[in-house]
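See below for the structure under consideration.
Residue numbers (full-length UniProt numbering): 1 to 662.
As structure tokens, this is what we get:
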């Protein structure tokens with residue numbers, strides 16, 4: 001029953017309930033009045049009452065007929081003014097009918113059938129009144145076709161039934177006038193019972209309707225109240241579904257739509273927050289929400305993207321700063337958002353300051369002035385540490401290159417006792433160690449060259465002395481041979497002396513050959529020593545090539561570091577500058593290594609030339625040794641020949657002596 005009631009509006013329900021109660025009450029009142037009228041009428045003169053009733057019924061029929069006629073006039077093609085006149089006549093006839101009706105009903109019916117017929121008249125009149133009112137409303141609202149259809153289908157039959165009821169009642173009054181008085185008491189009893197039953201029925205029906213209507217209102221209103229309280233507390237999960245179409249049902253439906261809108265608005269807000277926090281900062285809230293929700297959505301989008309535009313512009317400026325372009329300033333922002341461009345201006349000022357310091361240090365380093373230092377006290381945090389690191393790099397470079405330059409100056413001046421000292425790291429430590437190792441190797445090479453040169457000088461002196469002695473003895477032998485050729489008389493003594501001299505010359509030649517052989521060995525050793533010097537020089541050149549390669553690799557690493565720093569963006573900006581300076585230092589180290597290599601190559605070339613000279617001297621000494629060996633062989637042959645000659649001369653001398661004696 002409650003579900004049935006909730007199909008209709010509260011006003012309709014209340015109107016229907018109260019209308020029903022009113023009609024019921026009216027029916028009871030009418031029934032009571034009729035009963036009283038009948039009782040009073042039956043107590044009056046039957047003839048007078050019946051005649052009056054017949055008169056009243058005739059007037060009522062006349063009024064009913066006038067109403068029907070004017071309703072027909074309204075549905076006919078007429079003007080609005082004429083219809084208003086017809087409507088007034090209808091109202092007047094209704095009023096007149098009501099007046100006559102009241103007069104008629106003031107006279108009680110003669111019996112139950114008369115009362116029934118009166119009720120039949122009333123029912124027919126009520127039915128006709130409803131149908132006539134519908135025709136009247138349609139006609140007055142400019143709907144003649146619908147009014148005519150209602151007249152023909154509903155009003156005309158109802159009016160005819162109304163006329164028939166009046167006619168029947170009039171005929172009944174004529175035929176039953178005599179029996180009216182006898183039924184008076186019965187009518188009064190029946191009227192009393194009807195009033196009591198009707199009153200009880202009204203009370204019962206009123207109670208049931210009140211309970212049903214109250215329940216149909218309180219239940220949905222309670223649900224709506226709970227839903228509103230939940231929404232006020234931020235909970236959007238209340239069950240407000242309903243199929244009712246009355247005001248509380250529409251209230252619940254409106255609450256459901258409101259909750260759905262709030263759920264959608266909350267969901268879109270949550271989704272926007274999640275997307276902006278994750279990957280899509282371009283997402284906007286839908287703006288198709290109705291009313292204030294749409295305005296809130298537009299306001300949120302406007303506020304969000306104004307901030308995003310400011311942030312994106314700041315990011316573009318930061319990207320330009322990261323690329324090294326510091327010409328552009330951040331966009332000026334109003335109000336509290338000004339802190340963004342103020343922070344960007346402060347960052348730009350810091351970058352310009354650190355860039356100025358780095359350029360100044362880089363320019364000084366490029367000019368070969370490693371004594372320059374950055375003003376670290378102007379900066380803080382990482383910029384402070386960056387300038388301190390640059391100062392440390394300049395100081396280490398200044399110290400290392402200064403020590404290396406001093407060492408090279410000492411070597412150029414012929415001081416091979418100088419060494420490079422200092423607590424260096426990395427490539428500077430390797431430069432220190434390689435420079436010291438180079439100096440030590442040069443010292444050992446020079447010492448070995450000096451020793452070899454002394455040995456060569458001594459051997460050369462001995463060879464010269466031997467050759468001089470050999471030359472003198474050869475000249476003496478030649479003189480002796482000339483004396484032998486000049487004087488045969490002295491041939492025997494001369495040959496003996498010559499044989500003795502040949503033997504001594506052979507011994508001297510053997511000694512000269514031995515000395516020449518030793519000189520050849522010394523020359524070979526000198527050649528080997530010079531070859532070692534040349535090999536050491538070439539190793540030094542290779543070491544310098546390694547240093548050059550290390551400088552090249554350092555340059556490549558610095559380039560790679562600069563590329564990675566460029567990829568790192570702003571965070572690698574300072575490191576990129578340091579990498580650039582390291583690259584510059586590596587290039588200078590490469591240039592220095594190339595100069596050292598050039599000097600070493602020149603030394604290698606000179607050592608190679610000396611080695612060639614020593615090799616040539618060794619070859620000459622080998623030829624001398626060969627010649628001396630050949631002289632030794634010749635002297636041996638001469639000695640043997642002298643012995644043979646001495647023997648032959650001895651024989652000749654004996655023969656000569658014998659011949660002389662003979």
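Positions of the beta carbon are idealized from the N, C-alpha and C atoms, including for glycine.
In this structure, the beta-carbon distance from residue 64 to residue 128 falls below 9 Å. Annotated three-state conformation of residue 110 is coil, per DSSP. In the three-state reduction of the DSSP assignment, residue 290 falls in the coil class. Residue environment: residue 290 is assigned as exposed (fewer than 16 neighbouring CB atoms within 10 Å of its CB, all protein chains considered). In this structure, the CA atom of residue 221 is about 14 Å from the CA atom of residue 230. In terms of Cα proximity to residue 389, the closest of 162, 358, 419 is 358. In the three-state reduction of the DSSP assignment, residue 175 falls in the helix class. Straight-line spacing of the CA atoms in residue 141 and residue 241 works out to 40 Å. Closest option to residue 397, judged by alpha-carbon separation, among 419, 364, 598: 364. In the three-state scheme derived from DSSP, where H, G and I count as helix and E and B as strand, residue 361 is classed as helix. Assignment of residue 144 by DSSP, reduced to helix, strand and coil, places it in the helix class. Comparing alpha-carbon positions, the option among 451, 409, 393 lying closest to residue 425 turns out to be 393. Pairwise C-beta distances place the region 131-146 in contact with the region 65-78, as three or more of them are shorter than 8 Å. Going by beta carbons, residue 419 and residue 436 fall inside the 9 Å limit. In the three-state reduction of the DSSP assignment, residue 370 falls in the coil class, being assigned neither a helical nor a strand state. The residues 360, 361, 364, 365, 394, in chain order, have a CB closer than 8 Å to that of residue 372 in the same chain once the five nearest residues on each side in sequence are set aside.
Distance from the CA of residue 259 to the CA of residue 236, rounded to the nearest whole angstrom, comes to 6 Å. About 6 Å separates the CB atoms of residue 166 and residue 60; that is less than 8 Å, so the two are in contact.
Here DSSP, grouped into helix, strand and coil, assigns residue 86 to helix. Under a 10 Å Cβ-count criterion, residue 173 is classified as buried, with 16 or more other Cβ atoms of the shown protein chains found around its own Cβ. Beyond the five residues adjoining it in sequence on each side, residue 82 comes within less than 8 Å, by CB distance, of 73 in the same chain, given in chain order. Taking a C-beta distance under 9 Å as the contact criterion, residue 170 and residue 54 qualify as a contact pair. Under the three-state reduction of DSSP, residue 78 is assigned to coil, being neither helix nor strand.
In the three-state DSSP reduction, residue 233 falls in the coil class, being neither helix nor strand. Between the alpha carbons of residue 96 and residue 19 lies a distance of about 24 Å. The region 189-201 makes no contact with the region 155-163: fewer than 3 CB pairs, one atom from each, lie closer than 8 Å. It is roughly 37 Å from the alpha-carbon of residue 295 to the alpha-carbon of residue 320. In this structure, the CA atom of residue 369 is about 59 Å from the CA atom of residue 300. Taking C-beta separations shorter than 7 Å and ignoring five residues to either side along the sequence, the partners of residue 90 in its chain run 67, 70, 71, 136, following chain order.
Residue 107 is a Cβ neighbour of residue 52, given a cutoff of 9 Å.
Taken through DSSP and simplified to helix, strand or coil, residue 419 comes out as coil.
Nearest in C-alpha terms to residue 139, of all of 104, 451, 120, 87, is 87. With fewer than 16 other beta carbons inside 10 angstroms of its own, residue 381 counts as exposed. If you ignore the 5 residues before and after residue 264, its C-beta comes within less than 8 Å of the C-beta of 289, all in its own chain and listed in chain order.
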